[in-house]
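Here the structure is laid out as structure tokens; the discussion comes afterwards.
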Ligand SMILES: NC(=O)c1ccc[n+]([C@@H]2O[C@H](COP(=O)([O-])OP(=O)(O)OC[C@H]3O[C@@H](n4cnc5c(N)ncnc54)[C@H](OP(=O)(O)O)[C@@H]3O)[C@@H](O)[C@H]2O)c1
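Residue numbers (my numbering): 3 to 348.
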């Protein structure tokens, strides 16, 4: 399923879904360059990270209209890079989420066709490109029939505004329904050593349909690297992780202890804990016979190098067995409000 470039610095490649584009087996999450995980005060380093990733064979770049302090900020940030490497980059963006102007902490989810069209046109304008390579529904709005929303996305494909379709945080049944309306190239949901709820159906549905799985937050939003334990006391005031139940209070210290086997394997291999976490999620491709393209997010060149190198680590059966129990012991939900996820939907 993957092709290995031998001794080259570049990572291996794979196909994003049955008929999708070829991409590096690891992508780059760009969200943190504009928002969510602490200060974004070194844009030059973030820009250099975009370039360094491409040199390493990372070609799937992930953004969304909602990433930023204002709509489109992250799309605008990566736009010059994307335009200057248009043929090498597979550009993924998303619609459906926005912030409530009256209640800034509240997110609004919309999936109606006129809104989808408007979002796509806004993203195309901000990015300064003619086509979005991979256009995701970021969240499902259950008040709109899925067929209508995917139908609207399919129209964008027919018009040449979008090349491939993706869905984020959907159930297995939703993925199957959407795939009947129009082929889906990728499903993007949280999947890591700490977050394995997608294994209750949607991973298997993606495998069966030959839809690529794009794990977001494969480093557990940085927690699996060991770079912080308690978000409340260690991270800056605007950091989104301060609101996440897993990284606060007693949950944070209990969850940090679960990293012990990750550290142990990392130590014995001369790797970092983050690399072991990435290797675990990457290896699900071979273990399950499907396409898996994790998109770790970073704003730093040194980390994109470290993360790309993790694609070359193959964990042994014993190591996988040591890591297996971790997710079942994690304390706290993924989000403060789990209605923001696919949990609880059929
Ligand atoms: N579809 C969705 O609903 C959804 C939700 C969340 C995220 N996403 C997408 O998925 C991407 C990745 O997820 P994520 O950013 O939430 O989480 P992640 O990739 O699990 O972790 C990112 C965090 O880890 C740090 N980090 C990265 N590499 C590191 C390393 N080698 N050593 C130590 N720390 C490291 C980053 O900090 P530095 O930047 O300082 O390196 C950042 O704080 C996002 O950028 C976004 O594009 C999608």
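Beta carbons are placed, not taken as given, at the ideal position from N, Cα and C, and that holds for glycine. No experiment lies behind these values; they were computed from the predicted model shown.
Residue i beta carbon near ligand 3 (any heavy atom closer than 7 Å)
i           : result
residue 190 : Looking for ligand 3 in the displayed structure turns up nothing; the ligands present are ligand 1.
Residue i and residue j closer than 8 Å at C-beta
i           : j           : result
residue 61  : residue 171 : no
residue 98  : residue 113 : yes
residue 226 : residue 249 : no
residue 76  : residue 35  : yes
residue 183 : residue 149 : yes
residue 166 : residue 136 : yes
residue 253 : residue 334 : yes
residue 71  : residue 130 : no
residue 119 : residue 154 : yes
residue 109 : residue 74  : no
residue 80  : residue 121 : no
residue 317 : residue 263 : no
residue 243 : residue 207 : no
Contacts around residue i, its chain only, beta-carbon distance under 7 Å, and the 5 residues preceding and following it disregarded
i           : result
residue 12  : 58, 59
residue 245 : 338
residue 260 : 328, 331, 332
Residue i, enclosing beta strand (DSSP E) - first and last residue
i           : result
residue 99  : 99-101
residue 216 : 214-218
residue 24  : 24-26
residue 170 : 164-170
residue 155 : Looking at the DSSP string, residue 155 is not in any beta strand (DSSP E); the run it does join, the alpha helix (DSSP H), is 148-160.
residue 86  : From DSSP, residue 86 is part of no beta strand (DSSP E) but of the alpha helix (DSSP H) over 75-86.
residue 64  : 62-64
residue 192 : 188-192
residue 17  : 15-17
Among the options, nearest to residue i - alpha-carbon criterion
i           : options            : result
residue 229 : 252, 21, 159, 265  : 265
residue 27  : 20, 37, 16, 193    : 16
residue 257 : 281, 289, 222      : 222
residue 272 : 288, 251, 315, 95  : 315
residue 133 : 164, 158, 146, 326 : 164
residue 192 : 220, 105, 146, 174 : 220
residue 276 : 247, 313, 287      : 313
residue 274 : 14, 89, 304        : 304
residue 102 : 94, 124, 111, 255  : 111
residue 319 : 336, 105, 286      : 286
residue 125 : 158, 231, 107, 10  : 158
residue 190 : 340, 207, 88, 218  : 218
Beta-carbon proximity list for residue i, same chain, < 6 Å, skipping 5 on both sides
i           : result
residue 45  : none
residue 48  : 35, 301
residue 22  : 166, 187
residue 267 : 278, 321
Sequence-distant residues of its chain with Cβ nearer than 8 Å to residue i (five each side left out)
i           : result
residue 176 : 142, 148, 169, 344, 347
residue 30  : 51, 52, 55, 60, 62, 63, 64, 297, 298, 299, 300, 306
residue 181 : 211, 213
residue 69  : 32, 33, 36, 37, 38, 75, 76, 77
Boundaries (first-last residue) of the alpha helix (DSSP H) holding residue i
i           : result
residue 51  : 45-57
residue 117 : 115-129
residue 315 : Here residue 315 belongs to no alpha helix (DSSP H), and DSSP marks it neither H nor E.
residue 72  : Per DSSP, residue 72 belongs to no alpha helix (DSSP H) and is neither H nor E.
residue 135 : Where residue 135 is concerned, there is no enclosing alpha helix (DSSP H), although the beta strand (DSSP E) it sits in stretches over 134-139.
residue 109 : Segment 109-111 is the beta strand (DSSP E) holding residue 109; no alpha helix (DSSP H) there.
residue 284 : 275-290
residue 255 : 251-259
residue 344 : No alpha helix (DSSP H) holds residue 344; DSSP gives it neither H nor E.
residue 264 : 262-271
residue 209 : 204-211
residue 181 : 174-183
Stretch pair the segment 202-222 + the segment 231-246: three plus CB contacts closer than 8 Å: Counting C-beta pairs with one atom in each stretch, the segment 202-222 and the segment 231-246 have fewer than three that are closer than 8 Å, which means they do not touch.
Stretch pair the segment 208-228 + the segment 287-296: three plus CB contacts closer than 8 Å: These segments touch.
Given 8 Å, three or more beta-carbon pairs between the segment 309-317 and the segment 276-285: Using a Cβ-Cβ distance cut-off of 8 Å, the segment 309-317 and the segment 276-285 are in contact, since at least three pairs of beta carbons, one from each stretch, lie closer than that value.
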